[in-house]
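Read the structure below first, then the notes.
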Amino acid sequence: MKDLSKKVIVFNLTIKMWSAKKMDKKVTKEVEENHNAKDAGRFNKILIAKDGLSKLNSIAKEARDYHYEQTLPWTDNGGRILPATNYYEYINKQMEFKEKFEKAVDDFIAVYPALKADAQLFLNTMFSEADYPSVSKLREKFDFTTEPTPIAQLDDIRISVSQQEVDRLKQEVEKNIYKKIADSTKDMWNRIREAVEHMYQRLSDKDAKFKKSLVENVRDLVDLLPRLNFTDDPDINDAIDDMKKLLIDPDELRTNQIRRNETARNAKELLNKISDFVSDDILNFQAA
Numbered sequence: 034m035k036d037l038s039k040k041v042i043v044f045n046l047t048i049k050m051w052s053a054k055k056m057d058k059k060v061t062k063e064v065e066e067n068h069n070a071k072d073a074g075r076f077n078k079i080l081i082a083k084d085g086l087s088k089l090n091s092i093a094k095e096a097r098d099y100h101y102e103q104t105l106p107w108t109d110n111g112g113r114i115l116p117a118t119n120y121y122e123y124i125n126k127q128m129e130f131k132e133k134f135e136k137a138v139d140d141f142i143a144v145y146p147a148l149k150a151d152a153q154l155f156l157n158t159m160f161s162e163a164d165y166p167s168v169s170k171l172r173e174k175f176d177f178t179t180e181p182t183p184i185a186q187l188d189d190i191r192i193s194v195s196q197q198e199v200d201r202l203k204q205e206v207e208k209n210i211y212k213k214i215a216d217s218t219k220d221m222w223n224r225i226r227e228a229v230e231h232m233y234q235r236l237s238d239k240d241a242k243f244k245k246s247l248v249e250n251v252r253d254l255v256d257l258l259p260r261l262n263f264t265d266d267p268d269i270n271d272a273i274d275d276m277k278k279l280l281i282d283p284d285e286l287r288t289n290q291i292r293r294n295e296t297a298r299n300a301k302e303l304l305n306k307i308s309d310f311v312s313d314d315i316l317n318f319q320a321a
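Just add 33 to wherever you are in the sequence shown, counting from 1, and you've got this note's numbering.
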């Protein structure tokens with residue numbers, strides 16, 4: 034695809050946390066001796082009360098979930114592509130998460146001495162001061178980073194080898210890029226299938242109850258997919274239009290059986306329409 038580097042950028046999200054766990058070699062050895070077992074396991078101490086890091090864990094999970102929702106798969110090492118059309122939406126939200134995370138780190142460090150004192154009580158003889166980092170070292174164990182990497186263009190291949198080898202490398206890179214585009218597109222199709230299939234299953238069973246999230250999940254996709262569809266795939270665009278027909282008020286779907294049946298039929302028709310696109314072998318892009 035021409036000008037891909039103008040359409041997307043690769044992002045890695047890295048969130049580092051203190052584990053608050055430590056292997057106790059002494060207790061591990063005692064357990065092995067008591068059970069006449071060797072190399073059968075390890076005893077990891079929990080160094081602070083479980084809820085001590087709950088706020089940080091919650092923010093980290095929310096940020097990761099958002100990262101995966103708002104981006105598409107690209108590299109094997111976790112890098113995901115962020116389309117330019119979704120850039121500001123993503124960056125502004127991740128900046129909010131980063132601010133919350135750093136504030137939560139400050140709050141945690143403020144109560145760290147008290148948490149350590151509590152641990153001395155519940156760990157009893159297993160407590161060891163050496164297991165606990167100093168405040169300055171503790172802060173280093175937390176980090177929240179979004180790392181952007183531009184997509185390399187074929188013309189950037191300037192290695193000093195024969196022109197024939199350069200041409201071969203360009204073909205290989207181009208092939209890999211189109212494979213990644215196919216995987217990213219398939220990810221969008223799978224999101225559509227999952228949301229629409231769930232709606233069809235709930236609505237086609239007249240006795241099944243459902244939450245308003247049944248419709249909200251489809252609505253979220255209708256809002257998000259145009260920003261993720263960086264290839265402007267016409268089939269994705271058609272599916273978005275079809276999903277708009279499913280955006281019926283949940284209360285109406287609960288009380289109006291005719292409306293419920295109609296929406297279930299629309300969902301089923303859409304599933305049939307997109308069935309080829311979610312199969313394993315359909316999205317085979319060819320370099321143009």
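Every residue gets a Cβ at the ideal spot worked out from N, C-alpha and C, and that includes glycine.
Rounded C-beta distance between residue i and residue j? I'm assuming under 8 Å.
i	j	result
Ala93	Phe134	7 Å
Leu80	Lys55	6 Å
Leu43	Thr178	According to the sequence as given, residue 43 is Val; it is not Leu. With 8 Å as the limit, Val43 and Thr178 do not qualify as a contact, their Cβ atoms being about 14 Å apart.
Pro116	Lys40	6 Å
Leu279	Asn299	6 Å
Ile180	Phe130	The displayed chain sequence assigns Glu, not Ile, to residue 180. At roughly 15 Å, the Cβ-Cβ gap does not stay under 8 Å, so Glu180 and Phe130 are not in contact.
Can you check DSSP and say which residues form a bridge with residue i?
i	result
Glu180	Asn45
Met128	DSSP output for Met128 lists no bridge partner at all.
Ile79	Lys54
Leu105	Ile114
Taking residue i as the reference, which of the options has the closest Cα?
i	options	result
Asn294	Trp107, Tyr233, Asn305	Tyr233
Leu148	Lys301, Ser87, Val206, Leu304	Ser87
Trp107	Thr47, Ala137, Ile214	Ile214
Asp282	Val144, Glu207, Ala53, Leu236	Leu236
Lys78	Met276, Phe160, Ile184, Lys136	Phe160
Lys277	Leu202, Leu254, Asp238, Leu261	Leu254
Glu122	Leu258, Val251, Asp216, Asp220	Leu258
Asn209	Ala185, Asn299, Met128, Val229	Ala185
Ile114	Asp216, Phe130, Asp140, Asp84	Asp216
Ile225	Ala272, Asn110, Ser38	Ala272
Asn305	Asn67, Val168, Asp284, Glu230	Glu230
Lys71	Glu173, Lys58, Leu261	Lys58
Ala53	Arg172, Ile307, Thr218	Arg172
Ser345	Lys219, Thr104, Ala137	Nothing can be reported for residue 345: it is not among the residues displayed for the chain, which extend from 34 to 321.
Asp323	Met128, Tyr99, Gln127, Glu249	With the chain covering 34 to 321 only, the question about residue 323 has no answer from this structure.
Ala241	Lys301, Ile307, Ala297	Ala297
Phe310	Asp256, Lys239, Thr218, Ser169	Thr218
Leu156	Thr47, Asp109, Lys174, Phe76	Phe76
Met50	Trp222, Glu102, Lys174	Lys174
For chain B, is any of its Cβ atoms less than 8 Å away from the one on residue i?
i	result
Val229	Structure shown: chain B not included; a single protein chain is present.
Decide yes or no for the touch test of the stretch 235-248 against the stretch 196-203: beta carbon pairs closer than 8 Å, at least 3 of them.
no
Pairing CB atoms from the stretch 258-265 with CB atoms from the stretch 287-298, are three or more of them under 8 Å?
no
Complete runs of the alpha helix (DSSP H) confined to the stretch 264-295 [at least 4 residues]
267-277, 283-288
At 4 residues or longer, what runs of the alpha helix (DSSP H) sit wholly inside the stretch 188-259?
196-237
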